[in-house]
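According to the working numbering, the sequence shown is numbered sequentially starting from 720. Take a look at the structure below.
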Amino acid sequence: MSKLLSELQASEYLGSIPPKTLARWRLEGGHIPYVKCGKAVRYRQCDLDAYIEANVRTSTSEKGAAQ
720 MSKLLSELQA SEYLGSIPPK TLARWRLEGG HIPYVKCGKA VRYRQCDLDA
770 YIEANVRTST SEKGAAQ
């Protein structure tokens, strides 16, 4: 089972994505999956790792999914 991180921990783990952006993405849907534990929002570390891997680039000219 993957470790669950709070919104702030997820923001810090990702390095440059503010908590407000994570909140907006939850409203929009289709971004990083999240878990609701009562009123608390949690992110699985494996989902954050998958997001990071999906956004790895080797060139600035590479096209990728805008997130």
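Heads up, the beta-carbon is just placed ideally off N, CA and C, and yes, glycines get one too. Remember, predicted model here, so these are calculated numbers, not experimental data.
Does the beta-carbon distance from residue i to residue j come in below 7 Å?
i	j	result
I764	S721	Reading off the sequence shown, one finds Gln at residue 764, where the question assumed Ile. Yes, Cβ-Cβ distance for Q764 and S721 is below 7 Å.
P738	L723	no
Let me make sure I understand the geometry here. Which of the options has the alpha-carbon closest to that of residue i?
i	options	result
I736	G757, L723, I771, G748	I771
I751	A759, E731, G757, D768	D768
Y732	S778, R761, T777	R761
*Give, in chain order, every unbroken run of the beta strand (DSSP E) that is at least 3 residues long and sits entirely within the stretch 724-771.*
754-756, 759-763
*When the Cβ atoms of the stretch 775-783 are set against those of the stretch 743-761, are three or more pairs found closer than 8 Å?*
Too few Cβ pairs lie closer than 8 Å, so no.
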